[in-house]
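Counting from 293, one number per residue, gives the positions in the sequence shown under the numbering used here.
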Amino acid sequence: MLKENTCIRNNEKYIGKWKHEKSTDFKSNINRDEVNDLLSHILEIHDDISKVDQNSVNEIVTNVTKILLDSAEKTFGVVTKDCRNSKEEYNNKEWFNHDCKNSRRDYRKSLRLYKHYGSNIFKVRLRNSEKMYKKTMDDSVRLYNHDLKKKMKELRMKKPRDFWKIFNKFKRPVNNDIDIKQFYDFFKEMNKDTLNRENIELDNNFDGDRSNYFLNKTITRDEVIKGIQSVKNNKSPGACLSKLS
């Protein structure tokens, strides 16, 4: 897509996407007079190379770009995008820098070419651009986390207010707005009696004579004394122990 980097009143101006069916119109909309004037200028300085410098080359490139953009604008139209929305979307991920943006653009371009042509050449290009895109993002996240960790460590002691300001920015808000009816239905379902009490069979073969001798025998005085002495609460056992002794 041909793009003109101009932003007017918070709006960014884009020239519409290239459409192959309008390629003939694009050629027809090229200003022939401007092309001829530019060609004459190039031939003029070509005869005297001493007049060629960086500024003259930049001027020629600028004129060629202008001719193509003017034709594209007439052919494909202009789309206006709100720069504020783009900026907000960009700031949602602070680690997503210009390298990530360029890698994503290359990946999407490779994906479009592969979908359109479907050849092995574009398949390899798509695979490589996808790997590069993922690697660029991983490197960017790693670098961002490293710098953030270092920054937070410095702010914690020197500027605690700024530290907590950044810390709270990464806290995700928790939505606890649960409807009271949902709350009631949840616990009602959880505590539902799922047993079919009509078909419950009780085991009546209970041996009442069976007991545990160790647990049911009489507690002796020595056991009580040892128990009181083993209590480590830094308090005197008092009269209870003296009466048992």
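Just so it is clear, CB atoms sit at the ideal spot from N, CA and C, and this is done for glycine as well.
From a predicted model like this one, the values you see are computed outputs, not experimental measurements.
Counting every other CB atom within 10 Å of its CB across the protein chains shown gives THR367 a total of 16 or more, marking it as buried.
In the three-state DSSP reduction, VAL344 falls in the coil class, being neither helix nor strand. In the DSSP annotation of this structure, GLY410 is not part of any alpha helix (DSSP H), being labelled neither H nor E. Rounded to whole angstroms, TYR436 and LYS457 show a C-alpha spacing of 18 Å. For ASN323, there is no enclosing alpha helix (DSSP H), as DSSP marks it with neither H nor E. When the beta-carbon positions are compared, MET424 and TYR399 come within less than 9 Å of each other.
Distance from the CA of MET429 to the CA of MET444, rounded to the nearest whole angstrom, comes to 22 Å. Straight across, the Cα-Cα distance linking GLU326 with HIS333 is about 11 Å. A direct Cα-Cα distance of roughly 8 Å separates GLY308 from ALA364.
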